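I have placed the structure first, in the form of structure tokens, so that the comments after it can refer back to it.
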Amino acid sequence: MDQIIEITRQLDRLVKERDEYAKALSDSTMAYMEKIKELSTIKRMLDVMKFIPDRARVCREIVNIIIDETITDSCSLWLITESEKYLELTAIKRQMDETARYFEQGNPPVHRFEMGKRVVGRVATIGRTIFLKNIKINNLLLASRLKGASQAGSLLCLPIKDKEKVAGVLSLSHPEKNAFTGEIRRILDLAASQASVALVNLGMFERIQKLNHDLEIMIKQRTKQLDHQAHHDALTELPNRLLFDDRLEHSIARAQRDSIMLTVMFIDVSNFKRIIDGLGHSTGDWLLKKIANRLIGCLREVDTVSRNGGKEFAILLEDIVHENEAVIVARKLIKSLSEPFIFEDRELFLTVSAGLAFFPEDGQSGVDLVKNAVNAMRHAKELGKNNYQIFTRAMQERAIQRVELETDIRKAIQKNELRAYYQPRIDLKTMKVVGMEALIRWRRHSSGLVLPAHFIPVAEEIGFIVNIDEWILRAACEFTNNINVNGTGFSAKPLNVSVNLSARNFERLDLIETVQEAASISGLHPNHLELEVTESTIIRNMDLAIRILKKLRDRGFKVSVDDFGTGYSSLNYLTKFPLTTLKMDRSFVVDIPSNVNSRSIAKAIILMAKEMDVKVVAEGVETQDQLNFLVDHGCDEVQGYIFSPPVSGAEFRKLPADYKKKDSLIG
58 MDQIIEITRQ LDRLVKERDE YAKALSDSTM AYMEKIKELS TIKRMLDVMK FIPDRARVCR
118 EIVNIIIDET ITDSCSLWLI TESEKYLELT AIKRQMDETA RYFEQGNPPV HRFEMGKRVV
178 GRVATIGRTI FLKNIKINNL LLASRLKGAS QAGSLLCLPI KDKEKVAGVL SLSHPEKNAF
238 TGEIRRILDL AASQASVALV NLGMFERIQK LNHDLEIMIK QRTKQLDHQA HHDALTELPN
298 RLLFDDRLEH SIARAQRDSI MLTVMFIDVS NFKRIIDGLG HSTGDWLLKK IANRLIGCLR
358 EVDTVSRNGG KEFAILLEDI VHENEAVIVA RKLIKSLSEP FIFEDRELFL TVSAGLAFFP
418 EDGQSGVDLV KNAVNAMRHA KELGKNNYQI FTRAMQERAI QRVELETDIR KAIQKNELRA
478 YYQPRIDLKT MKVVGMEALI RWRRHSSGLV LPAHFIPVAE EIGFIVNIDE WILRAACEFT
538 NNINVNGTGF SAKPLNVSVN LSARNFERLD LIETVQEAAS ISGLHPNHLE LEVTESTIIR
598 NMDLAIRILK KLRDRGFKVS VDDFGTGYSS LNYLTKFPLT TLKMDRSFVV DIPSNVNSRS
658 IAKAIILMAK EMDVKVVAEG VETQDQLNFL VDHGCDEVQG YIFSPPVSGA EFRKLPADYK
718 KKDSLIG
């Protein structure tokens with residue numbers, strides 16, 4: 058009996074040991090399986106964390122992993138919107154679903170909760186995990202109203218963070234109560250952490266992608282803008298010379314291929330600088346835009362008008378059947394630009410010169426066509442402006458001569474080809490020579506003596522007039538001082554000399570010093586040097602001209618207004634001008650005494666000069682009747698062919714000292 062009891066005891070002990078071993082083995086196996094599950098979850102999450110540039114794929118994979126690797130029955134991913142006011146459902150999967158569903162953030166969203174509302178909103182707000190062991194007895198609101206949510210027994214909501222900031226929430230549910238044990242929650246916490254990293258990486262990629270996209274757009278826009286700026290005039294928005302030349306070359310190629318005609322027209326606008334000088338550069342800018350608009354309005358869409366700089370425009374007329382078509386366009390353009398421009402209740406008038414060159418007759422290349430159109434335009438200017446000219450071979454010869462003229466002008470001083478000529482000024486009270494006007498002449502090596510009218514405009518255009526003015530200034534000072542020092546032979550008093558200053562001189566910073574130096578080097582006293590400026594020179598920049606001339610007057614130099622009465626300005630400038638002499642223009646003298654208007658103007662100028670206490674000198678006196686009229690009305694001095702034409706210095710010394718003794722003159 059005792060043996061039976063002992064055997065039973067041993068059997069019970071063996072059974073107990075077996076059960077304990079079986080339990081230990083079971084626990085070890087479960088731990089091993091959980092570790093496998095954990096490692097599997099980590100591996101899959103790490104795969105998601107790899108560079109996957111696809112938001113939908115990342116979000117679906119997150120919920121797929123959690124459903125596949127845990128006991129979770131339903132998993133939904135909620136992301137916070139950019140406004141940070143709402144949570145929106147982004148991805149969801151249940152055990153019964155074959156695939157996860159992804160929802161684009163849209164308007165309106167599929168499902169949305171306000172921050173702080175329901176469990177997911179609460180987790181997003183506080184940034185901590187909430188675990189509801191038994192949903193039915195928990196007071197917190199359900200995570201969602203999705204189908205099947207009411208059958209859930211337990212709910213686990215975990216925050217997805219970007220550093221310390223909550224980016225979204227993972228909402229997990231299971232039909233059983235307290236389904237998410239500590240070990241499972243640990244795996245899910247790890248999954249949520251890895252999901253955060255995956256979403257952060259995705260966000261960084263999307264931001265970089267957006268920056269790259271924005272940068273590409275910006276580069277394209279900037280490239281387009283730079284291309285536009287490189288090929289268009291900044292002020293008028295017209296094509297510039299670069300774009301015009303490119304279009305011209307393409308048009309020539311097409312015209313050669315199709316045997317058709319095209320025209321290049323070059324337009325120059327006159328009076329433009331006078332308007333800028335009077336009303337300012339802003340008015341000039343406004344005017345250029347208006348000119349551009351009028352030009353565009355006269356052309357077809359297929360034609361091109363470009364601003365080639367300053368006040369010059371080039372036009373390309375394509376598909377021209379006959380020259381007359383281009384002529385009609387030229388007339389239309391000239392008529393349009395001749396109409397007044399209304400600026401602040403002012404009427405501004407322009408004159409236009411246009412030159413036309415045709416392909417293929419007038420040139421086979423763009424360079425030749427533009428060059429010949431410019432030559433035709435210059436010829437139009439010479440003929441009086443507000444007209445057009447068609448290029449001819451004779452114009453090409455003139456253009457070549459013009460280039461040679463410009464070259465020779467620049468070399469005239471170096472080659473000692475300039476000459477100073479002098480025309481005497483006669484005091485009408487004494488009829489004696491009291492001074493002279495210094496005038497420039499050019500003895501060109503290839504053509505002999507050239508008069509100022511043939512080369513001064515060119516010198517002004519190329520800017521060499523300043524050099525010529527300085528040369529004649531120095532020569533005149535030296536000649537006059539030599540006469541005064543060695544005895545005039547004309548009068549007991551020293552002679553005065555007048556020298557013209559062109560408008561370009563007032564652009565020089567050293568004008569005052571240049572005049573002072575010319576007088577000082579020669580020894581001529583400033584009181585014997587009179588500086589002549591025209592009305593047009595004064596009004597180009599009145600304030601600057603008056604300021605400079607006042608400084609010259611303060612140093613003792615005399616100042617006169619040449620060609621008085623031919624300008625377009627108000628006489629108001631005379632009240633501010635440091636004036637010593639008025640020179641009546643020859644245009645008012647030539648018709649004396651036959652023309653009533655000329656007589657009236659001449660008398661008015663003399664009277665005004667007397668009232669202003671300045672000397673008045675009449676130019677261009679050629680007849681006895683003109684001289685008698687000027688004497689009778691109190692003119693102070695005269696100069697003209699009745700006494701002497703401009704002569705060289707040697708000839709000037711031979712002039713009579715007293716014109717009273719000459720026959721037919723007042724004596």
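Quick note on the numbering used here: the sequence shown kicks off at 58 and runs consecutively.
We treat Cβ as the ideally placed atom computed from N, Cα and C, and that holds for glycine.
Here the structure is a predicted model, which means the values were calculated and not measured.
The shortest C-alpha to C-alpha distance from Cys692 to any of Leu664, Phe700, Glu679 is the one to Leu664. Counting along the chain, Ile353 sits inside the alpha helix (DSSP H) bounded by residues 338-354.
DSSP places Cys534 inside the alpha helix (DSSP H), whose first and last residues are 522-543. About 5 Å separates the beta carbon of Val362 from that of Ile372, a gap short enough to meet the 8 Å contact definition. One alpha carbon belongs to Leu212, the other to Leu256, and they sit about 23 Å apart. Across the set Val321, Glu375, Ser253, Ser140, the C-alpha of Val321 shows the shortest separation from the C-alpha of Gly420. In the displayed model, Gln446 falls within a strand according to three-state DSSP. Every beta strand (DSSP E) of 3 residues or more that sits fully in the stretch 636-687 is shown, in chain order, as 638-641, 672-676.
Taking a contact to require three or more Cβ pairs closer than 8 Å, the stretch 602-618 and the stretch 578-593 qualify as touching.
In the DSSP assignment, Phe370 falls within the unbroken beta strand (DSSP E) covering 369-377. Looking at the DSSP output, Leu245 bridges to nothing. The shortest C-alpha to C-alpha distance from Arg561 to any of Asn584, Phe521, Pro110, Leu475 is the one to Phe521.
Take Ile470, set aside five residues on each side of it, and the residues of its chain with a beta-carbon closer than 8 Å to its own are Asn524, Ile525, Trp528, in chain order. Going by DSSP, Ala602 is part of the alpha helix (DSSP H) stretching over 599-611. Of Arg388, Ser422, Leu295, Ala433, the smallest CA-CA separation from Gly366 is found for Leu295. Between Asn328 and Leu390, the beta carbon gap of about 16 Å keeps them out of contact (Cβ cut-off 8 Å). Ile596 and Asn557 have their C-alpha atoms some 16 Å from each other. Contact holds between the stretch 393-405 and the stretch 341-361, because three or more Cβ pairs, one in each stretch, are under 8 Å apart. Here Ile662 is buried, its C-beta having at least 16 other C-beta atoms within 10 Å. The beta carbons of Leu374 and Leu319 sit closer together than 8 Å. Burial state of Thr138 is exposed, judged by a 10 Å Cβ sphere holding fewer than 16 other Cβ atoms.
One alpha carbon belongs to Ala252, the other to Lys220, and they sit about 13 Å apart.
Under a 10 Å Cβ-count criterion, Glu694 is classified as buried, with 16 or more other Cβ atoms of the shown protein chains found around its own Cβ.
Contact annotation: Ile309 and Glu369 have beta-carbon atoms that are not nearer than 8 Å.
Within the same chain, and ignoring the five residues on either side of Ser655 in sequence, the residues whose Cβ sits closer than 6 Å to its Cβ are Phe645, Asp648, Ile649. Taking Gly423 as reference, the option from Asn258, Asp302, Leu609 with the minimal CA-CA separation is Asp302. Within the DSSP secondary-structure output, Thr408 pairs in a beta bridge with Ser327.
With respect to the C-alpha of Glu118, the residue from Arg158, Leu144, Glu141 having the closest C-alpha is Arg158.
Looking only at Leu552, Ala602, Asn541, the smallest Cα-Cα distance to Leu568 is reached by Ala602. Under the 8 Å Cβ criterion, the stretch 145-159 does not count as touching the stretch 285-294, having fewer than three qualifying pairs. For Ala576, same chain residues with a beta-carbon under 8 Å away, outside a window of 5 residues either side, are Cys534, His582, Pro583, Leu586, Phe614 in chain order. The three-state secondary structure of Lys633, taken from DSSP, is coil.
About 16 Å separates the beta carbons of Val167 and Val226, which is beyond the 8 Å limit, so they are not a contact pair. Phe621 is positioned such that its CB atom lies no closer than 8 Å to that of Leu609.
Contact between Met641 and Val673 holds, since their C-beta atoms are separated by about 6 Å, short of 8 Å. Under the three-state reduction of DSSP, Glu589 is assigned to strand.
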